[in-house]
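Residue numbers (the numbering used here): 132 to 409.
We put the CB at the ideal spot given by N, CA and C, even for glycine.
Data first, discussion second: the structure below is written as structure tokens.
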């Protein structure tokens, strides 16, 4: 009785494997998959009809799905490519999906080419549909322009939004600002106060935004001349070309280009170190 059951079971398994083999091209390590329209099929593990058997079978890759009776057909990979497939082997025309292109463009019903959907634009290499950028660092192209939403933004060689020459990222990352030229203007780590001698980029009095300010013991000459910070005591560093010992009567900037300080050329400074005596 046991022998009969085993025999029936073996026949059933053999029948299922025959069904599996009859339905698909089988493959293994020594039997590779054939080409279909010049496209290499993949050997994949699949369940048979009704889930009754499992075998390795040859299937078309994702980028070239099978269209019967034509075989594996390449899908369009770029915006503007045809999404209509015609073959002398089949009088029917087949509309192909454009879904492999990032941004999921559609097959235009008239031109039968992959077109970006509304509010999306082709990348310069036509491999994706992208929205118009709204922040620095986002993807851009000739049609998806940075300057449409980002003040003084440009599309750099890497296809990302950056700032024009002479401009730097605003802290919000959505616009570009000029390098600060006077004390009190906004600054950032990427937009320092280099144009204002001795100024530092620090939080304002409310601790909310970064602005260029003179460091301790340095002052602006007067409100109308806030483009430099001057030493308020003799002995402080100075820049020889900027005349920033002007607040110290009689003092001059002495030293090398690398290191200079405000000193009295004749006599000695007073006790407050603010003027030079004779």
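Buried or exposed (CB count within 10 angstroms, at least 16 for buried), residue 225: The sequence position of residue 225 within the chain shown is 94, counting from 1. Per the 10 Å Cβ criterion, exposed.
Inter-residue Cα distance where the pair is residue 359 and residue 365: As a first step, residue 359 is located in the chain shown; it is residue number 228 there, counting from the start. As a first step, residue 365 is located in the chain shown; it is residue number 234 there, counting from the start. For residue 359 and residue 365, the distance between alpha carbons rounds to 17 Å.
Simplified DSSP assignment, three categories, for residue 305: Here the question's residue 305 lines up with position 174 in the chain shown. Residue 305: coil per DSSP, three-state reduction.
Delimiting residues of the beta strand (DSSP E) encompassing residue 344: Residue mapping note: residue 344 aligns to position 213 of the chain shown, counting from 1. Counting along the chain, the beta strand (DSSP E) containing residue 344 begins and ends at 341-344.
Minimum C-alpha distance to residue 342 - residue among 313, 356, 348, 355: Here the question's residue 342 lines up with position 211 in the chain shown. Of 313, 356, 348, 355, the residue nearest in Cα terms is 313.
Spatial distance of residue 259 from residue 192 (CA atoms): Taking the chain shown and counting its residues from 1, the one referred to as residue 259 is at position 128. Taking the chain shown and counting its residues from 1, the one referred to as residue 192 is at position 61. Looking at the two C-alpha atoms, the distance is approximately 21 Å.
For residue 291 and residue 218, the rounded distance between their alpha carbons: For the purposes of this step, residue 218 is taken as residue 87 along the chain shown, with counting starting at 1. For the purposes of this step, residue 291 is taken as residue 160 along the chain shown, with counting starting at 1. So the two alpha carbons sit approximately 41 Å from each other.
Strand pairing of residue 405, partner residues [DSSP]: Taking the first residue of the chain shown as 1, we reach residue 405 at position 274. Residue 405 is not bridged to any residue.
Contained alpha helix (DSSP H) runs [length at least 4] in the stretch 249-324, N- to C-terminal order: none
Beta-carbon proximity of residue 164 to residue 189, cut-off 8 Å: Translated into the one-based positions of the chain shown, residue 164 becomes position 33. Translated into the one-based positions of the chain shown, residue 189 becomes position 58. It is a contact, given that the beta carbons lie within the stated cut-off.
Coarse secondary structure for residue 359, derived from DSSP in three states: Sequence index remark: in the chain shown, residue 359 carries index 228 (1-based). Coil at residue 359, not helix or strand.
Residue 331 Cβ short of 7 Å to the ligand SAH heavy atom set: As for the ligand SAH, it is missing from this structure, which has no ligand bound.
Proximity to residue 162 [Cα-Cα], best of 175, 168, 255, 169: Reading the chain shown from its first residue, position 31 is the one you call residue 162. For residue 162, the nearest C-alpha among the options comes from 175.
For residue 371, the three-state DSSP class (helix, strand or coil): Walking along the chain shown from the start, residue 371 turns up at place 240. Residue 371: helix per DSSP, three-state reduction.
Where the beta strand (DSSP E) containing residue 217 begins and where it ends: As a first step, residue 217 must be located in the chain shown, where it is residue number 86. From DSSP, the beta strand (DSSP E) with residue 217 extends over 215-218.
Contact check, residue 284 vs residue 307, beta carbons under 8 Å: For the purposes of this step, residue 284 is taken as the residue at position 153 of the chain shown. For the purposes of this step, residue 307 is taken as the residue at position 176 of the chain shown. Taking 8 Å as the Cβ cut-off, residue 284 and residue 307 qualify as a contacting pair.
Close Cβ partners of residue 323 (< 7 Å) along its chain, the five nearest in sequence each way excluded: The count along the chain shown starts at 1 and reaches residue 323 at position 192. Taken in chain order, the residues that qualify are 332.
Three-way DSSP call (helix, strand, coil) for residue 394 in this model: Within the chain shown, the letter at position 263 stands for residue 394. Residue 394: strand per DSSP, three-state reduction.
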